[in-house]
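First up is the structure itself, then whatever we jot down about it.
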Amino acid sequence: MIKTSTCLLLLTCISLLLSGNWSCTLFGGDDLSIRLDSLNNPLLHTIDAFAVLQTDNLADVLEDGFCWNTTGSPTVADSIVAFPNPAIREINATVGHFSPAQTYFLRAFARNSKKLVYSETMRFTTWDGTLTDADGNQYVGIQIANQGWMAENLHTTSYADGSPIAISNGTNRTYWYGSGHTYSPNFDQDIDQDGDFDAADSLLYVNEYGLLYSWYAANNIYDHTLNASLLGKKVYPGVRDVCPYGWHLPSGIEFQTLRNNLASIYGYEAYAHHLTTTTGWADNLNGLDTYHFALKPGAYWHEPTATHTNILKREADLWTADEGNDSNGGYVSVNNVDKRLYGSIIGKAQHALCIRCIKNK
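Remember, our numbering sits 22 above the position in the sequence shown when you count from 1.
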């Protein structure tokens, strides 16, 4: 026997179809299900989860959310994050409080006054907080909000596929490091205090601050000023930039996200103070390094013909992936007086800067 309510719903649908409305879904009044679509960006303590609620009456849903455990088939009796009285069917949330390098099982849930439903279960493992470049160098990483960052400057001599960064074919600028190069002529960089600026100072620089790269080398792009036919072309097709697989050179927007995350907690006046190291900055203007980001004042290299003021130990400069204009690339800078993160542009080939990679989402 067909219930009266079902008959009425059928008649309503038929009426809508006859009137030209070809969209009609037949559900019972307590119909409710939820689908877990994806899990992305597993970091040390969080993961981004996306689910879709399926119901004919959203107003009847009391709550939805995610639940997880380490054993399988999680329920609301385990760890959960819940959203009462949802106004939309999509759930897009950063779920947290995980431990690093741990495997978890997660599923979405929803409930109304009549039943509790679960999605299928997905399994994931959180990041262990390390990364390795193509040279075999291992780095420590940290998490700030929903971003994973290197906690030290890059010092690889190879792209992720193992190809050498140093190009000697006259068509590309490369990075500067060690072996006879001094990083910033015109700067006081007698790091070993032996009375001269030489390769020994450069090697000490690398040990302390990492390698310095031209913007072209950082982005794996030919310097078209040396060969116009190579404009915009990758040196090694298939390689995004100088960062290891699973990581990339941050955009200016990603640095802006970092800035906004910190400024929302500490204000816009001195938030970068929480990124800089507790030692090594000139005039003892050291940072707090709250997040162990460990940003050091390595300044940058420039061509010997350039003239700049002394900024070693006073400023940290990092490339972005952004192309400012034909001759300049984007970078961000923090100095030891004004503890904020500034964005600007600087010569792609005439300067060499440090690099911090960000984890792919």
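Every residue gets a Cβ at the ideal spot worked out from N, C-alpha and C, and that includes glycine.
Please read these numbers as outputs of a predicted model, since none were measured by experiment.
query                                                                                                                                            : result
Kindly indicate the opening and closing residues of the beta strand (DSSP E) around residue 281.                                                 : Unbroken run through residue 281 is the alpha helix (DSSP H), 274–288; no beta strand (DSSP E).
In terms of residues, what are the limits of the alpha helix (DSSP H) holding residue 237?                                                       : 237–241
Measuring only between beta-carbons, confirm whether residue 109 sits less than 7 Å from chain C.                                                : Note that chain C does not occur in the displayed structure, where there is just one protein chain.
Counting Cβ pairs closer than 8 Å, one from the stretch 368–378 and one from the stretch 282–289, do we hit at least three?                      : no
Kindly confirm or deny that the stretch 261–277 and the stretch 132–148 touch, where touching means at least three C-beta pairs closer than 8 Å. : no
Roughly how many angstroms separate the alpha carbons of residue 339 and residue 107, rounded to a whole number?                                 : 47 Å
Can you have a look at residue 266 and say buried or exposed, based on whether 16 or more other CB atoms are within 10 angstroms of its CB?      : buried
Compare the Cα-Cα distances from residue 270 to each of 116, 181 and 362 and report the closest residue.                                         : 181
Which ranges would you report for the beta strand (DSSP E) in the stretch 65–152 if only whole runs of at least 3 residues count?                : 69–77, 83–91, 101–106, 112–117, 125–134, 138–140 and 144–147
Please report how far the alpha carbon of residue 357 lies from the alpha carbon of residue 251, in whole angstroms.                             : 38 Å
What's the gap between the Cα of residue 167 and the Cα of residue 70?                                                                           : 12 Å
On the criterion of 16 or more Cβ atoms from any shown chain inside 10 Å, does residue 110 qualify as buried, or is it exposed?                  : exposed
Below 8 Å, can you find three or more Cβ-Cβ pairs linking the stretch 296–316 to the stretch 342–352?                                            : no
Among 297, 170, 245 and 214, which one has its Cα closest to the Cα of residue 230?                                                              : 214
Classify residue 379: buried if its beta carbon has 16 or more other beta carbons within 10 angstroms, exposed otherwise.                        : buried
Which of helix, strand or coil does DSSP assign to residue 193?                                                                                  : With a pLDDT of 39 at residue 193, under the threshold of 50, the predicted position of this residue should be treated as unreliable, though the coordinate-derived value follows. The answer is coil: DSSP assigns residue 193 none of H, G, I, E or B.
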